[in-house]
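Using our numbering, the first residue of the sequence shown is number 188, and each one after it goes up by one.
We put the CB at the ideal spot given by N, CA and C, even for glycine.
Being a predicted model, the structure only gives us computed values, none of them experimental.
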Amino acid sequence: MCRHLGWLGEPVSVASLVLEPAHGLLVQSYAPRRQRHGLLNADGWGVGFFDGATPRRWRSASPLWGDASFASVAPALRSTCVVAAVRSATVGMPIEASACAPFSDGRWLLSHNGVVDRAVLPPSARAESTNDSALLAALIFDRGLDALADTLAEVATADPNARLNILAADGSRLLATTWGDTLSVLRRDDGVVLASEPYDDDPAWRDIPDRHLVTVDDSGVHLVPLKGSP
Ligand code: GLN
188 MCRHLGWLGE
198 PVSVASLVLE
208 PAHGLLVQSY
218 APRRQRHGLL
228 NADGWGVGFF
238 DGATPRRWRS
248 ASPLWGDASF
258 ASVAPALRST
268 CVVAAVRSAT
278 VGMPIEASAC
288 APFSDGRWLL
298 SHNGVVDRAV
308 LPPSARAEST
318 NDSALLAALI
328 FDRGLDALAD
338 TLAEVATADP
348 NARLNILAAD
358 GSRLLATTWG
368 DTLSVLRRDD
378 GVVLASEPYD
388 DDPAWRDIPD
398 RHLVTVDDSG
408 VHLVPLKGSP
């Protein structure tokens with residue numbers, strides 16, 4: 188499992204979201220507070236952000252805490268829409284930068300926190316790696332993000348043990364699901380953060396219930412139950 192974070196709002200630096208918070212993704216890479224599966228997230232990381240309509244990514248198969256180059260540049264990377272993740276690879280999955288979220292189809296950035304049996308996912312020439320998350324991302328891109336809830340319902344039927352926590356962005360919208368792991372939302376004056384776990388102890392963080400779809404756009408934060416929600 189992994190930890191991920193999304194931002195939609197005014198332009199802010201990637202460092203202010205990922206590196207500077209007291210319990211941000213940098214600290215979550217070695218000391219997550221709410222992670223149920225795995226003790227740390229040392230198998231790589233990825234930061235994606237929109238530069239106008241263009242998604243740009245920086246990914247690595249090394250621990251985030253050791254990356255001095257990223258720490259040096261991250262304060263200068265500013266964006267209105269960010270998707271970032273730190274990875275704890277599932278046993279048997281490749282450790283390589285292309286296996287780290289966020290995945291992209293050139294329009295969306297997408298992170299998966301969880302696990303799914305690769306046997307239930309169709310092979311895809313579009314998948315960036317051979318890990319479950321890359322295959323799931325390719326399937327979601329093929330079906331279109333508007334069909335996200337239906338696609339996840341289909342995958343969950345084929346693999347009832349799957350954990351399907353998705354975080355995706357297209358520059359003007361964040362979409363996220365809770366399916367087997369935690370997600371919290373923070374409404375700030377300058378934007379909205381979605382994160383696997385709060386990056387600080389601000390009492391304004393709210394937990395999203397399991398098996399929900401969250402949409403964030405300029406009209407606000409919207410929550411709907413997913414099929415199969417308790
Ligand atoms: N199943 C994922 C992988 O190994 C685990 C990491 C995550 O939660 N995305 O790629």
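Cβ-based neighbour list, residue i, same chain, cut-off 6 Å, excluding 5 preceding and 5 following
i    : result
S320 : H299
L410 : H399, V401
Q237 : A small fix is needed here, since residue 237 is Phe in this sequence, not Gln. Answer for F237: S266, C268, G358, listed in chain order.
Proximity of residue i and residue j at Cβ, strictly below 8 Å
i    : j    : result
G193 : L361 : yes
H224 : Y386 : no
R372 : R350 : In the sequence as presented, Arg is not what sits at residue 372; that position holds Val. Against a cut-off of 8 Å, the Cβ pair of R350 and V372 comes out as no contact.
W232 : C287 : yes
D368 : D304 : no
A355 : L332 : yes
S311 : L296 : no
V433 : L195 : Residue numbering for the chain in the displayed model covers 188 to 417; residue 433 lies beyond these limits and cannot be assessed.
A363 : L339 : no
Strand pairing of residue i, partner residues [DSSP]
i    : result
R305 : Beta-bridge pairing links R305 to no other residue.
R190 : V273
D405 : Beta-bridge pairing links D405 to no other residue.
G378 : G196, R375
G242 : Gly is not the amino acid found at residue 242; the sequence shown has Pro there. In the DSSP output, where bridge partners are listed per residue, P242 has F237.
Contacting residues, own chain, Cβ-Cβ under 7 Å from residue i (five flanking each side not counted)
i    : result
W252 : L213, S216, Y217
L264 : S200, V201, F236
Contact set for residue i: own chain, Cβ-Cβ below 8 Å, skip 5 residues either direction
i    : result
G293 : P242
D377 : G196, E197, V199
E384 : R190, H210, Q215, P219, R220, R221, Q222, T369, S371
Three or more C-beta pairs below 8 Å linking the segment 213-220 and the segment 276-284: No, because fewer than three Cβ pairs between the segment 213-220 and the segment 276-284 fall closer than 8 Å, the two stretches do not touch.
Length at least 3, wholly inside the segment 352-376: the beta strand (DSSP E) runs in chain order: If we require 3 residues or more, the beta strand (DSSP E) runs fully inside the segment 352-376 come out as 361-365, 371-375.
Residue ranges of each alpha helix (DSSP H) within the segment 204-240, 4 or longer: Complete alpha helix (DSSP H) runs here, min 4: 212-215.
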